[in-house]
Amino acid sequence: LLEHGVDCADGRGAVDADSELLQQMLAVQSSDDLLWIRHGYWDTPTGLLSAEGKGPVVVSGHTPTVSLGRYCEVGGLAGLDEESGRGQIVRLGGEDTAGVPDRIDIDCAAATGSEFGRVGILRLDDGAEFYANILPGE
Numbered sequence: 011l012l013e014h015g016v017d018c019a020d021g022r023g024a025v026d027a028d029s030e031l032l033q034q035m036l037a038v039q040s041s042d043d044l045l046w047i048r049h050g051y052w053d054t055p056t057g058l059l060s061a062e063g064k065g066p067v068v069v070s071g072h073t074p075t076v077s078l079g080r081y082c083e084v085g086g087l088a089g090l091d092e093e094s095g096r097g098q099i100v101r102l103g104g105e106d107t108a109g110v111p112d113r114i115d116i117d118c119a120a121a122t123g124s125e126f127g128r129v130g131i132l133r134l135d136d137g138a139e140f141y142a143n144i145l146p147g148e
């Protein structure tokens, strides 16, 4: 968005972008990148937030939080909940954006099964997190 002159500083970002521009931008994206990109995404600030923490936050998955340490510095085992040993939502960035993370990984490894996995739900209006463990046989 920034490369195409869309101002993201007020938090609206794509809301104010021309729909034709958004379609053009999406058309040049590799479907493999949209699904599999990790290096250069998880380890790099998006640049979408202002120094005051205003702008869009990217919420994504398809990279289990238990694996984030392979792609970026997450501070030890940040992708694992200490009490349950299961995946948990991880917020990244914030060092230069007034403590507001610019990337949130919500993939809590549900597909890995009952040992580590659970479904993580992030309520966007207040940031509350909810979890449901994957049980044996599910």
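Note that the numbering used here has the sequence shown beginning at 11, numbered continuously upward.
Every residue gets a Cβ at the ideal spot worked out from N, C-alpha and C, and that includes glycine.
These numbers were taken from a predicted model, which means no experiment stands behind them.
The alpha helix (DSSP H) runs lying completely inside the segment 55-113 and spanning 4 residues or more number zero.
Judged by DSSP secondary structure, ALA142 falls outside any alpha helix (DSSP H) and instead within the beta strand (DSSP E) spanning 139-143. DSSP places LEU132 inside the beta strand (DSSP E), whose first and last residues are 128-132.
TRP52 sits buried, since 16 or more C-beta atoms from the chains shown fall within 10 Å of its C-beta.
For the pair ILE144 and SER124, the CB atoms are nearer than the 8 Å cut-off. Distance from the CA of LEU132 to the CA of ILE116, rounded to the nearest whole angstrom, comes to 7 Å.
In the structure shown, ASP53 falls within a coil segment according to DSSP collapsed to helix, strand and coil. C-alpha of GLY89 to C-alpha of PHE126: approximately 10 Å in a straight line. CA-CA distance, ASP91 to GLY79, rounds to 14 Å.
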